[in-house]
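See below for the structure under consideration.
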Amino acid sequence: MRCAACGREAGKLVDSLCPECYRRINLRVELPEELRAEVCRECFGVLRRGRWHRGAESVEEAAEQAGAGAIEDALRVTGLSEPTATIRTLQVYMRSPRDCTAEYAVKLRGTCGGEVAEVEVRRRVNVKLTLCGSCHRRASKYYEAVLQVRGHGGLSGELREELAGVVHREVQRRATEERAFITMQKELKEGTDFYFGSHRIAKQVAAALQRRYGGSVKVSTTLVGVSSSGRPLKRYTFAYRMPRFRAGDVVMLEGTPYQVLRTSGSRVRVLNLHTRQEVTLAESRVEGAELLGRAEEGVAGVVTDVLEGGVEVMEMRSYTTVFVVADVKLRAGDEVRVLADSKGRYYLLATAEEAENEARGEV
Ligand SMILES: [Zn+2]
Ligand SMILES: [Zn+2]
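When the letters of the sequence shown are read in order and numbered with the working numbering, they come out as residues 416 to 778.
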């Protein structure tokens with residue numbers, strides 16, 4: 416049998432051609448010599464088919480991914496059945512602060528005319544280091560929402576720092592999203608203002624604060640202009656207010672003392688310090704309560720006697736014995752914590768067992 420193209424004698428012909436001629440005529444690998452890609456030099460985002468993909472940890476890693484993506488998108492192979500392509504990076508190097516070159520070896524394997532065929536091509540991709548829309552806006556101090564974080568009667572330094580930590584961590588968690596940045600942070604007497612690049616993320620962070628600490632969020636918008644397409648441009652303000660009471664606080668509400676166990680959204684889980692029953696109350700109802708003291712002001716004590724309707728406790732700061740009203744299962748010798756209010760009345764704080772029960776329950 417002779418090949419119809421080269422005339423050589425061959426053991427096997429496909430379409431009257433020897434394997435070499437069959438491959439030469441049918442197998443086509445198309446990959447342009449000039450390949451381009453784009454990455455963001457700030458967030459290491461990779462632009463692919465009009466969208467930014469973030470997650471690379473260095474500009475080199477982003478450039479490598481971008482170049483490989485450009486090859487995958489441009490590669491066309493015909494005449495190869497069951498093809499597999501392996502893109503191997505040969506080297507990545509910076510040519511200037513704005514340009515990078517990435518070199519690859521692209522290996523294709525499959526069958527052609529019934530025989531295993533393998534082709535390797537080498538390509539360089541020019542990767543431009545630019546700024547994505549999000550980083551460009553960040554650089555120009557863009558913001559579309561303000562998150563105001565407020566406490567009752569100002570914010571203490573420690574709580575202010577804790578809240579700022581939560582805000583920044585929540586933004587960091589969304590680092591791969593568009594405009595996930597805070598352009599400015601203003602410390603005011605009444606609290607902190609955070610300027611957000613994305614109103615959507617500002618809203619999510621406000622909701623996260625509310626989930627964690629309770630309290631309320633009020634939204635308002637102002638018109639700041641009109642977009643080029645005639646759409647009104649709005650700026651959002653999310654006013655987050657901490658609840659008046661925190662977990663641990665002891666309050667007097669409608670003549671009954673309660674200890675706040677947990678706040679969640681608009682509900683507050685409290686422990687009735689007389690009956691030792693846990694109840695869930697609306698935050699709006701607890702707002703009007705009188706603060707008797709905070710858990711950290713409590714003092715250690717030891718139960719000396721269990722009486723009808725309460726326990727006698729040796730208070731370990733003044734070494735005086737006090738009686739506290741509490742329908743609770745305790746024994747002489749048990750260690751507890753008590754809190755005195757400004758009138759010298761004592762309350763038995765949630766015991767370790769009660770706190771444990773609460774942690775297991777749901778609001
Ligand atoms: Zn031939
Ligand atoms: Zn970027």
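Even for Gly, the Cβ is constructed at its ideal location relative to N, Cα and C.
- With a cutoff of 7 Å on beta-carbon distance, VAL665 and GLN674 are scored as near each other.
- Counting of Cβ neighbours within 10 angstroms places VAL634 among the exposed residues, the total staying below 16.
- Of the heavy atoms belonging to ligand 1, at least one sits nearer than 6 Å to the Cβ of ALA420.
- Ranking ARG760, VAL743, ALA747 by CA distance to the CA of THR766 puts VAL743 first.
- According to DSSP, residue pairing for ILE502 in a beta bridge involves VAL521.
- In this structure, the alpha-carbon of LEU570 lies about 59 Å from that of ALA520.
- For ligand 2, residues qualifying as neighbours are CYS455, GLU457, CYS458, GLY460, CYS547, CYS550, where qualification means a beta carbon closer than 5 Å to at least one of its heavy atoms (chain order).
- Cβ contact annotation for CYS436 (same chain, cutoff 6 Å, sequence separation greater than five): CYS418, ALA420, CYS421, in chain order.
- In chain order, GLY713, VAL714, ALA715, GLY716, LEU764 place their CB closer than 7 Å to the CB of ARG752, counting only its own chain and leaving out the 5 sequence neighbours on each side.
- Sequence-distant partners of ALA697 (beyond 5 residues in either direction) whose C-beta falls short of 8 Å from its own C-beta, in its chain, are SER681, ARG682, VAL683.
- Just so you know, the alpha carbons of VAL739 and PRO658 end up roughly 28 Å apart.
- Counted as a single uninterrupted DSSP element, the beta strand (DSSP E) harbouring PRO647 occupies residues 647-656.
- DSSP, reduced to helix, strand and coil, places LEU624 within a helical segment of the structure shown.
- Look at ASP514 here: in three-state DSSP terms it is strand.
- Per DSSP, TYR437 is one residue of the alpha helix (DSSP H) stretching across 434-441.
- If you check the C-beta of ARG423 against ligand 1, you find a heavy atom less than 6 Å away.
- Only residues of its own chain outside the window of five on either side were considered, and among them VAL620, ALA623 have a CB closer than 6 Å to the CB of GLU585, listed in chain order.
- The Cβ-Cβ distance between VAL641 and GLY606 does not fall below 7 Å.
- When DSSP states are grouped into helix, strand and coil, CYS550 belongs to the helix group.
- Rounded to whole angstroms, the separation of the alpha carbons of LEU495 and VAL454 is 32 Å.
- Sorting GLY528, THR545, THR504 by C-alpha distance to the C-alpha of ALA517 places THR504 at the top.
- The alpha-carbon of PHE459 is positioned some 15 Å away from that of ALA483.
- Beyond the five residues adjoining it in sequence on each side, THR690 comes within less than 7 Å, by CB distance, of ASP742 in the same chain, given in chain order.
- Residue environment: VAL737 is assigned as buried (16 or more neighbouring CB atoms within 10 Å of its CB, all protein chains considered).
- Excluding residues up to 5 positions away in sequence, THR499, GLU533 lie with their Cβ nearer than 6 Å to the Cβ of ARG524 in the same chain.
- Boundaries cannot be given for GLU593, as no alpha helix (DSSP H) includes it and DSSP labels it neither H nor E.
- Assigned with DSSP and collapsed to three states, ARG565 falls in strand.
- For the pair TYR651 and ILE597, the Cα-to-Cα distance works out to about 14 Å.
- Contact annotation: CYS515 and ALA478 have beta-carbon atoms nearer than 7 Å.
- SER757 and LEU706 have their C-alpha atoms spaced approximately 10 Å apart.
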